[in-house]
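Have a look at the structure below, then the notes.
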Amino acid sequence: MDSGNQGLIIDVECHISNGLPSILIVGIASKSIDEAKERVRSAFTNSEIILPKKRITINLAPGDVPKDGSSFDVAIALSILSASSQVPGDRLSDSLVLGELGLDGSVRPIRGIIGRLLRARELGYSSFYIPKANLPQARLIPNITIYPVQALKELYLHLTNTQEISPIHTGSGILNQTEQAEGLHDFSEVIGQERAKRAMEIAAAGMHNIMLNGPPGAGKSMLAKAFAGVIPPMALEEVLEVTHLHSLASREYDKIIYERPFRAPHHTASSTSIIGGGQNPRPGEISLSHRGVLFFDEFPEFNRSTIEALRQPLEDRVITVARSKDTLTFPANFILVATSNPCPCGYYGSQKECSCLPFQVQKYQKKISGPVIDRIDLYVDVEEVKHSSLLGKNSAESSQTIRKRVENARAIQSKRYGDPLKSNATITNKDIKALKINPDAKTLLDQAAERLGISARSYMRAIKVAQTIADLEESPIVSTAHISEALQYRRQSQRVDF
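For the sequence shown, numbering that gives the first Met the number 0 begins at 0 and goes up steadily by one.
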């Protein structure tokens, strides 16, 4: 089976005829598949299974679709066994076979097992022969039957009814919740910054994008790292999505990801590493942060092309990677947490003297374009903290206390939209029109939109933020107070005065 959300079932056919002993693989196979000939030949020998000394032709159908990867090895081996009548041909008629062969006959784990099984289940398959090392990930998928295979010899004995492999029937898909992951910092450790903490609570409750602006050392990065501790744990469907994406990109492709991702690429990272792509397109940082947090520290320092590439994922929650070889669409539903200094030196508008020239400040502030600004819901200025308060007693709320309110707000949204994975940030315009908004609140928003000159996108996003504020207060209707607070988090036009 091909990998990816749009995978196809590949039929592996085998024809054995008289001629010089050889194995020929056809069907637009890549080099990694063509090399399966040597892996299969060695695996047969080391498993003490007879490889017919004839001309063996393997066809991967459909023949007009390119195939890549080593996951076809076991299926190729079984097609040879079936064609040579060493195993019954009807034993695997309703099953799917996946796995890479080692030279010793062992069956090695493969990438993207979750995506393959989910797609195959959509296409009507429920019985799977997979590498045993992929079993922990496969068991997360509900209502399927799994035959974990360690070696080709073991599978051969099973199919000849000599030694059965015990099937594993997965359950109903209830995730055994692990302990909630904590952030790198706790909000109680952050001195002051109550407005910023409030904005981050709103961002976590509604999955809104947020940007923190302020001088160096004010606590922006610390707030961002504490943010992970107030986001609710992932549901089973989210664990499946995240684990599959990381399996496609990581070397530890048999690892299960239970915790929400927190990705923090450096500003010198290439556009391809952040967006995704490459010769064989793979997910980038924006997809690896799916269902989690993408943290851009010093946002304006990133390459402008990288910043502009965020337009599609911030709006559509997916990223389409188009290359000459292939075009793939990866999910990218993340919370963007960005930080920024007001100028290159960082001290414009603060108590310390700014050493930047006016044109440098303007150029720095304009690195983030209007379309990207429009897609960020919350803007907060992080003020400097008095040195005298740093070692004083701090009575701020802990991340655990804030997380309880966030979880309650997310539960309200789940009930409202009838979808546990849907949040206020991801609702459509149709959903927005169905919200209960006080007429006075709508009038206030209309007047503010006219006076501030905000775009239609910003108008809708302000309503989404206001709805999240209402959910945190368990209010059944969006009031003028909610709209007023939401508007305070819109970015104000900046002027450079010296």
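We put the beta carbon where it would ideally sit given N, CA and C, even for glycine.
Task: Reduced DSSP secondary structure (H/G/I, E/B, other) of I24 - done: strand
TODO: Report the option in L116, E99, G88 and D185 whose CA atom is closest to the CA atom of S397.
DONE: D185
- [ ] Give a yes or no on contact between the region 451-463 and the region 368-379, applying the rule of three or more CB pairs nearer than 8 Å.
- [x] yes
Task: Local conformation of H243 per DSSP, three classes - done: helix
Open item on the list: For a quick check, are the C-beta atoms of F226 and V336 less than 7 Å apart?
Closed with: yes
- [ ] Could you check what DSSP says for A321 in three-state terms: helix, strand or coil?
- [x] strand
TODO: Tell me, to the nearest whole angstrom, how far the beta carbon of S246 is from that of L151; I am working on the premise that it is less than 8 Å.
DONE: Not a contact, Cβ separation roughly 23 Å.
TODO: Identify the continuous beta strand (DSSP E) that holds M210 and give its terminal residues.
DONE: I209 to N212
TODO: Using a threshold of 7 Å, state whether the C-beta atoms of A132 and I112 are closer than that.
DONE: no
Open item on the list: Tell me which residue opens and which closes the alpha helix (DSSP H) that L287 is part of.
Closed with: E284 to L287
Task: Reduced DSSP category for P498 - H, G, I as helix; E, B as strand; rest coil - done: Given a span of 0 to 497 for the chain in the structure shown, any question on residue 498 remains unanswerable.
- [ ] Label A305 either buried or exposed according to how many other C-beta atoms from any shown protein chain fall within 10 Å of its C-beta, with 16 as the threshold for buried.
- [x] Checking the sequence shown, residue 305 turns out to be Thr, not Ala. It is buried - the Cβ of T305 has at least 16 other Cβ atoms within 10 Å.
TODO: In the DSSP assignment, find the unbroken alpha helix (DSSP H) run with I306 in it and report its ends.
DONE: R303 to E307
Open item on the list: Less than 7 Å between the C-beta atoms of D439 and T479, yes or no?
Closed with: yes
Open item on the list: On a Cα-Cα basis, can you pick out the residue from C344, K365, S349 and Q364 that is closest to C355?
Closed with: C344
- [ ] Closer than 8 Å by C-beta to T271: which residues in its own chain qualify, once you throw out the five before and the five after it? Chain order, please.
- [x] G277 and G283
Task: Three CB pairs or more closer than 8 Å across the region 446-454 and the region 404-422 - done: no
Task: Residue burial classification, Q192 (beta-carbon count within 10 angstroms, cutoff 16) - done: buried
Task: H14 versus S31: straight-line alpha-carbon distance, rounded - done: 21 Å
Open item on the list: Comparing C-alpha positions only, which one of Y257, P330, E121 and F301 sits nearest to R281?
Closed with: P330
Task: Residue from G104, Y347, L117 and I372 with nearest C-alpha to E314 - done: I372
Task: Residues that DSSP places opposite V238 in a beta bridge - done: Bridge partners of V238: none, in fact.
TODO: Would you kindly work out how many angstroms separate the C-alpha atoms of I9 and A42, rounded to a whole number?
DONE: 22 Å
Task: Segment limits, beta strand (DSSP E) that includes N58 - done: R54 to A60
Task: Whole-angstrom C-beta distance between V381 and N212, which should lie under 8 Å - done: 7 Å
Task: Assigned secondary structure, A485 (DSSP; H/G/I helix, E/B strand, else coil) - done: helix
Open item on the list: Please state whether the Cβ-Cβ distance between S349 and P299 is less than 7 Å.
Closed with: no
- [ ] Tell me whether the beta-carbon of A35 lies closer than 7 Å to the beta-carbon of I79.
- [x] no
Open item on the list: Out of R409, P370 and Y347, which one is the CA nearest neighbour of V360?
Closed with: Y347
Task: Endpoints, the alpha helix (DSSP H) within which F226 is located - done: K219 to F226
Task: Residue from S288, I367, I274 and E352 with nearest C-alpha to A321 - done: I274
Open item on the list: Could you check whether S422 and M233 sit closer than 7 Å to each other, using their CB atoms as the reference points?
Closed with: no
- [ ] Just confirm the distance between the C-beta atoms of V148 and V106, as a whole number of angstroms; I'd bet it's less than 8 Å.
- [x] 5 Å
Task: 7 Å Cβ cutoff met for S94 and S69 - done: no
- [ ] Measure how close the beta-carbons of L19 and T56 come, nearest whole angstrom, since I'm counting them as under 8 Å.
- [x] Wrong, their Cβ atoms sit about 13 Å apart, outside the cutoff.
Open item on the list: Determine whether the beta carbon atoms of I476 and K435 lie at a separation below 7 Å.
Closed with: yes
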